[in-house]
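Beneath this line is the structure, given in structure tokens, with notes to follow.
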Amino acid sequence: MLHLDINTKPAIIQWLRFNKQSVIKGGSPLLSFNEPVDSHAPELIYRGLQYNYAKFFKMDLISKWAWLGAEALLKTENGYLYDGMDKTKIAIVLQTNHGCLDVDKRYSETLATIPSPALFVYTLPNIMLGEICIRHGFKGEQACVVSNGFDVQEMEFWVNDLLNNRGMDACLCGWVDATAGTHDVCLFWVTKQNAQIVFSADAMSVLYNK
Amino acid sequence: MKQRAYIVNTGIITAIGNNTPSCLDALLHSRTGIGEAEYLQTYWSKELPVAEVKASNASLAAMTDTNSLWPRTALLSAIAVKEAWQPFADKATGLRVGFFSATTVGGMDLTEQVYKTFKEDSNAADFDKIKNHECGAITELVANHFGISDFVTTISTACSSAANSIMMAAQMIGNGMLDIAIAGGADSLSRFTLNGFNTLMILDKQPCQPFDNNRRGLNLGEGAAYILLMSEKAMQQCGATASCMVSGYANANDAYHQTASSPDGTGNKLAMGNALKVANLQPADIDYINLHGTGTANNDSSEGKAIETLFGSNVPMASSTKAYTGHTLAAAGAVEAVFSVLSIQHGIVYPNLRWQTQMEDVGFMPVTTLQTGLDIRHVLSNSFGFGGNCSSLVFSKC
Chain A
32 MLHLDINTKP AIIQWLRFNK QSVIKGGSPL LSFNEPVDSH APELIYRGLQ
82 YNYAKFFKMD LISKWAWLGA EALLKTENGY LYDGMDKTKI AIVLQTNHGC
132 LDVDKRYSET LATIPSPALF VYTLPNIMLG EICIRHGFKG EQACVVSNGF
182 DVQEMEFWVN DLLNNRGMDA CLCGWVDATA GTHDVCLFWV TKQNAQIVFS
232 ADAMSVLYNK
Chain B
3 MKQRAYIVNT GIITAIGNNT PSCLDALLHS RTGIGEAEYL QTYWSKELPV
53 AEVKASNASL AAMTDTNSLW PRTALLSAIA VKEAWQPFAD KATGLRVGFF
103 SATTVGGMDL TEQVYKTFKE DSNAADFDKI KNHECGAITE LVANHFGISD
153 FVTTISTACS SAANSIMMAA QMIGNGMLDI AIAGGADSLS RFTLNGFNTL
203 MILDKQPCQP FDNNRRGLNL GEGAAYILLM SEKAMQQCGA TASCMVSGYA
253 NANDAYHQTA SSPDGTGNKL AMGNALKVAN LQPADIDYIN LHGTGTANND
303 SSEGKAIETL FGSNVPMASS TKAYTGHTLA AAGAVEAVFS VLSIQHGIVY
353 PNLRWQTQME DVGFMPVTTL QTGLDIRHVL SNSFGFGGNC SSLVFSKC
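Chains as they are written, first to last, in my numbering: chain A, 32 to 241; chain B, 3 to 400.
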């Protein structure tokens, strides 16, 4: 059981970054490829990390990236970072720029023939939070924000508010943006626990730009 | 000690009636509101039946002296609010009044008109029409019209929206934060919702048959409904009497799928069970369940299974009224709250219209003929929505 001290400031316990040719977790490569993997990147990473969650293949692009990011970020050697925690007190705050435009376009193409229910259900950017919640059973507060770029100041405000004032014990937060062929993902696991990296806009900015 | 949230009045407009007495009359005489769309402009009018309020925006506006350029959702909302609130509006001086209104459609009907024009000629589009697009704008329009300002909020949690607005109102009265609450919801038909549900392939091309083994899907409806809640103190000042109260409420999420319930109804079970706990009741105390009963394969099956898990072999009388009103989305929880109140007041249980065949995976059958002369003390009303949003309310005789 994690000991959470109400007087402790939020800290970044783990972070994850998808680069063009690698998956970096806590500063170390988790998986790397010999060349850029943009066209089928989510599937390649999924297979590379040997995940087994059939529903992954039904997801839209941004949900795939968010799901992969959460999975890689949260998995520990024997379980998950949240093991033993109250899942009703785990929040998620994600920012995105393109949101679900990729699936919006693909869905609108199907309107000419038979509109696809399978695509339709992904035509909201916050569905990526739902996929993470369904996978991990998180039932805390959630927010999905569309912004031009990763706004670390705004993220700092929301996460601090959730952990300090709204009864949340932990928060999965960060930036998930993707279009067909590009991706930019950086996720953080933040809890109120003494740890090396104190949670702040600056810390997120440094790790995001690493 | 929590204050009780007494129900002193109701207001409603649906495809089966423009007020509480006319809706009751339709329920008593098995008159459905489902048919061909006349006012909703849609390619699908011949193919997809809907439960439409048979009145133009101009005549809806005339019923409350509002502006016919308002979104239809706001026009419907104002009519139901007026019925519930008007008899007491002058008596509430000094009392704290809250307005809790649910909607999912918001001003979408007008936005659709602008969008169509905009695509043809961007200069010709009347952008004034989208200023009330956002869900909260509907609530603000209506709150301002009736001069309610102490507490105003909008809830949009898909098909459980109105149940959640009633739950929140009951909690605020319960905790002494308000004296009076007008709580419910409103949604008009729109092309957006009709086409969206059609894309999900869960619309019935015939009048729907909830809880029937051969059910094919739901029919969308439109309407608005509110219950007027008061604390004991507010009732004394307003000279109001109450036949029943909101005694239990709960919401839960089954975190399973964007648009489907989990097969065994985990969220449904949690919502019903917790609402009973809040009401301090046992399953055997419930006399009638107003089912969510949309008529989709998924909902009725998981709702039915959850009820059987909770109630065992003693499932109380149960029926879905969506075969009358269609699925009014964000208004559904409030429409059915009004029907639950009427069930208690008049000792009646409504037949589940068009029911023919017993479901294979659910053991109990709904009530199929009008039941009268009953002593209905406790009604459980379910509202289960997309995103796994599950809410249940309990109404109890005073």
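A virtual CB, placed ideally from N, CA and C, is assigned to each residue, including glycine.
Relative to the Cα of residue 174 of chain A, the nearest Cα in the group A/185, A/164 and A/157 belongs to A/157. At the C-beta level, residue 240 of chain B and residue 9 of chain B stay beyond 7 angstroms of one another. Within the segment 152-169 of chain A, those residues whose Cβ lies closer than 7 angstroms to any Cβ of chain B are, in chain order, 152, 158, 161, 164, 165 and 168. If you keep only unbroken alpha helix (DSSP H) runs of at least 4 residues inside the segment 300-368 of chain B, you get 324-327 and 334-348. Using a Cβ-Cβ cut-off of 7 angstroms, residue 146 of chain A is close to 201 of chain B, given in chain order.
Non-local beta-carbon contacts of residue 155 of chain B in its own chain, meaning distances under 8 angstroms to residues more than five positions away in sequence, involve 100, 101, 102, 103, 141, 167 and 170 in chain order. DSSP places residue 105 of chain B in the coil class of the three-state scheme, outside both helix and strand. Identification of chain A residues near residue 260 of chain B by a Cβ-Cβ cut-off of 7 angstroms yields 152, 158 and 161, ordered along the chain. Judged by their CB atoms, residue 228 of chain B and residue 320 of chain B are not nearer to each other than the 7 angstroms cut-off.
For residue 140 of chain B, the enclosing alpha helix (DSSP H) covers residues 137-147. Between residue 53 of chain B and residue 221 of chain B, the gap from beta carbon to beta carbon is short of 7 angstroms. Residue 84 of chain A carries a coil assignment under DSSP once its states are collapsed to helix, strand and coil.
Counted as a single uninterrupted DSSP element, the alpha helix (DSSP H) harbouring residue 111 of chain B occupies residues 110-122. Taking 7 angstroms as the CB threshold, residue 257 of chain B lines the interface with chain A. In the three-state reduction of the DSSP assignment, residue 226 of chain B falls in the strand class, which pools E and B. Relative to the Cα of residue 144 of chain A, the nearest Cα in the group B/201, B/31, B/328 and B/75 belongs to B/201. For the set B/177, B/343, B/182 and B/293, the Cα lying nearest the Cα of residue 230 of chain B is the one of B/182.
Contacts between residue 389 of chain B and chain A, judged by CB atoms closer than 8 angstroms, involve 161 in chain order. Looking at the backbone, the Cα of residue 83 of chain A and that of residue 362 of chain B are separated by about 33 angstroms. Per DSSP, the unbroken beta strand (DSSP E) holding residue 126 of chain A starts and ends at 121-127. The three-state reading of DSSP puts residue 107 of chain A in coil, since its state is none of H, G, I, E or B. When DSSP assignments are scanned along the segment 182-210 of chain B, the uninterrupted stretches of beta strand (DSSP E) that are 3 or more residues long and fall wholly within it turn out to be 182-189.
As the crow flies, the alpha-carbon of residue 177 of chain A is around 34 angstroms from that of residue 70 of chain B. Look at residue 90 of chain A here: in three-state DSSP terms it is coil, with no helix or strand label. In the three-state DSSP reduction, residue 175 of chain A falls in the strand class (E or B). Among the bridge pairs identified by DSSP, residue 208 of chain A is matched with A/215.
Assigned with DSSP and collapsed to three states, residue 116 of chain A falls in coil, not helix or strand.
Here the alpha carbon of residue 152 of chain B sits roughly 35 angstroms from the alpha carbon of residue 182 of chain A. Collapsing the DSSP output to three states places residue 16 of chain B in a strand. Linking residue 145 of chain B to residue 116 of chain A through their CA atoms gives a straight-line distance of about 42 angstroms.
Cβ contact annotation for residue 65 of chain A (same chain, cutoff 8 angstroms, sequence separation greater than five): 52, in chain order.
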